[in-house]
Amino acid sequence: MKKLLPLFFVICLSLLTIRGLWTDGYFPMHDDTQVSRVIVMGRALKEGQFPVRWVSDLGYGYGYPIYNFYGPLPYYAGGALYALGVPALLATKIMFSVGIILPAVLLYIVLASGVGWQTALLGSLLYVFAPYHAVQIYVRGAVGEYWILMFWPLIVYGFWGLSHARQRFSRIAIGAIGMSGAVLSHTLLGYVTVLFCVAGAAAYWGYSIVAKKFDRAVAFGTLALIVLGLGLSSFFWAPAALEMGYTSVAGQVSATADYRDHFVCVGQLWSSLWGFGGSVPGCLDGMSFVLGKLHVALAVAGLAVWFTGRREKGKHVVLTGLVLAAVSVFFMTQYAQFAWATLPGFAFLQYPWRFLAVAAFGLSLLGSLTVEGIKKPVIKAVCTTLFVLLLVLGNSKWFTPQYTYEKDTSTFETASDLRWRASRISDEYLPPGIIRPTEESQVIFDTIRKRDGLAVTGITDTATHMRMAVETTQSASIVLNAAYFPGWQYTVNNREVQPEVQNGLPVIQIAAGVSVIDARFTDTPVRTVANIVSMITLLIVGGMYYDGKRKTKR
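Residues 10 to 563 in the numbering used here are what the sequence shown lists, from first letter to last.
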């Protein structure tokens, strides 16, 4: 009960960060496709597709495999609500809110299990009130980037508990779930998360061997956590990595999103004007990249308190926070340009300031220790209250949209909104050869364009299965207005055919008369194997968690 009451305060204060969501209407953001993605996910789930990879309404009506590449986890939550009948806009706001508040809740639980509740209270609120958290929510609309924040505490909780023999299996399982959740929430930061974990594990192995403190159980526990985390999420990341070449994703690494133009000037980390614009070359960006003055001050104070007291308690918190904060700040500045050019896949991150999220986590861990060294309960309570008040009063003002506007939830569900407005914002998952519409009248509505001498009767039309009867007076080449991608299988009168692909679209030859064309989106061998690996890993992780909990109760 002593630790549950502060958790209640954490939740209540965290509600201040979402008050801007729960107003009438909606608000603008850079990635203004969130409601659309919830809708198409919900429709795919209602059609029985799982895991969801392909959606039909986006991509100008051609459809595309967005959830084969783009972190699907937040949209599974929002889409499930929509599939159950929750209005699209409400389902999206619930999805937002869960991703905003849960990071604070989970960090509190993790810290409270190893240090004092005051420390956990301060750390969790530093986490949720980080300035960049407000940028993610109300400026960029980067849902995956703030959903991933809830899984980092689970990962460190897993690593921190590997030295406890009775808890080891359950901690590995929780850490693996955290890593899997990170990968499934945001593809790019999930990749960074895995790299950080691998680097940390390698550093631990090297240090323990050199220092002759090698603990086989702990060392192999780190390896098991990473492998199981990757195994759980393999159904997503394996196809994403191996099938990316069939899309236009590579084109996103371009002159407008070149990481060399988006390094953060060091002064911007301390002070930069708040705005709702974008990132530009130089130091005059339209959005803020501040770490937070209070965050930095408390992080420095937390380090000083811990080193002065030389306590063993909190050592893992200090080490994790210091490494994450220092490394992430380094990667945001131009001093890391060589590292960005060298590390594989880093060009796809596009914006070095994405590491602000990692820095916020590290600074929150360090800042939490500011009150850990205070021995007198009254002084400790007063200091905790003072820091929380300064944090909430100073930072809550950033958690508000630029403005709100009225837009009925049904408007988001229209073909115009899905196939034109939302599709124009994000079309990188279409095949490179697809000719993009330049005006709304060019958006696709018919799978087969009607023309003289050709009649089409639709029989089945879902995201992953199209079946239609085509009657023609002579043999013809039929263009299916559904983007070609590995996994699509085509039959004509129950005979499998291999289409010719022109401008990213399949072209099928049919004879005169009536032909039944059937197109189904199926799993490729890569997806099938990855699905099986995820299912097997899920059973292993579940068994390890159960075994670990059983040993703890002894």
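Note that CB positions come from ideal geometry on N, CA and C, so glycine has one too. All values derive from a computational prediction rather than experimental measurement.
- Item | Range covered by the alpha helix (DSSP H) that runs through Arg62 | Element bounds for Arg62: n/a, residue is neither H nor E.
Problem set entry | Straight-line Cα distance separating Pro15 from Met159 | 18 Å
In whole angstroms, give me the CA-to-CA distance for Trp246 and Val192.
8 Å
Notebook entry, point to check: Who are the Cβ neighbours of Ala264 in its own chain at under 7 Å, not counting the five residues just before and after it?
Noted result: Here the model assigns Ala264 a pLDDT of 49, short of 50, so the residue's position is not dependable, and the following value carries that caveat. Nothing meets the Cβ criterion.
Cα separation between Pro589 and Phe370?
-> Residue 589 is absent from the structure shown; the chain starts at 10 and stops at 563.
#### Entry: C-beta neighbour in chain B for Ala356, strict 8 Å
Included in the structure is just one protein chain, with no chain B present.
* Among the residues of its own chain, which have a CB less than 6 Å from the CB of Ser242, if the five just before and after it don't count? -> Ser189, Val192, Leu193
Considering just the uninterrupted stretch of the alpha helix (DSSP H) at Glu154, what are its terminal residues? 152-156
Contact between the region 276-287 and the region 107-126 (3+ Cβ pairs under 8 Å): no
Taking its Cβ as the centre, do 16 or more other Cβ atoms sit within 10 Å of Pro361, making it buried, or is it exposed? buried
- Query: So, are the CB atoms of Ala399 and Leu303 less than 8 Å apart?
  - Reply: One point to set straight first is that residue 399 is Leu, not Ala, in the sequence displayed. It is a contact, given that the beta carbons lie within the stated cut-off.
Query raised in the report: In terms of residue numbering, what span does the beta strand (DSSP E) encompassing Phe357 cover?
Result: Where Phe357 is concerned, there is no enclosing beta strand (DSSP E), given that its DSSP letter is neither H nor E.
Problem - Entirely enclosed alpha helix (DSSP H) segments - the region 20-88, minimum 4 residues - result: 43-55
Could you spell out where the alpha helix (DSSP H) holding Asp329 opens and where it closes? Sequence inspection shows Thr at residue 329; the Asp mentioned does not correspond to that position. Element bounds for Thr329: 324-341.
- request: Report, in whole angstroms, the separation of the C-beta atoms of His474 and Arg428, which I expect to be a contact under 8 Å.
  value: Going by Cβ atoms, the distance from His474 to Arg428 rounds to 19 Å, so no, they are not a contact pair.
Next item on the list: Could you give the DSSP three-state label for Ala491: helix, strand or coil?
Entry: coil
CB Leu131 to CB Val397, shorter than 8 Å?
The beta carbons of Leu131 and Val397 sit closer together than 8 Å.
**Prompt:** Do the CB positions of Trp156 and His195 come within less than 8 Å of each other?
**Reply:** Against a cut-off of 8 Å, the Cβ pair of His195 and Trp156 comes out as a contact.
Original post:
In its own chain, which residues sit with a C-beta less than 6 Å from the C-beta of Ser217, not counting the 5 before and 5 after it?
Top reply: Phe223
With DSSP as the reference, label Thr466 as helix, strand or coil. strand
(Q) Please tell me whether Val516 and Val488 are closer than 8 Å, where the distance is taken between their beta carbons. (A) yes
### Query
Hey, out of Leu111, Phe244, Ala368, Asp40, whose CA is closest to Leu60's CA?
At residue 60 the sequence reads Pro, which differs from the Leu that was named. Cα-wise, what sits closest to Pro60 is Phe244.
Practice problem: Kindly give me the distance between the Cβ atoms of Pro508 and Ser257, rounded to whole angstroms, as I take these residues to be in contact under 8 Å. | Solution: Not quite, the Cβ-Cβ distance comes to about 20 Å (not below 8 Å), so this is no contact.
(message) Just to confirm my understanding: we take Gln498, look at its own chain, exclude 5 residues before and 5 after, and list those with CB closer than 6 Å. What are they?
(response) For Gln498, where only same-chain residues beyond five positions count, the Cβ hits under 6 Å are Arg529, Thr531.
### Message
Relative to the C-alpha of Arg476, which candidate in Ile468, Leu25, Ala143 has its C-alpha closest?
### Response
Ile468
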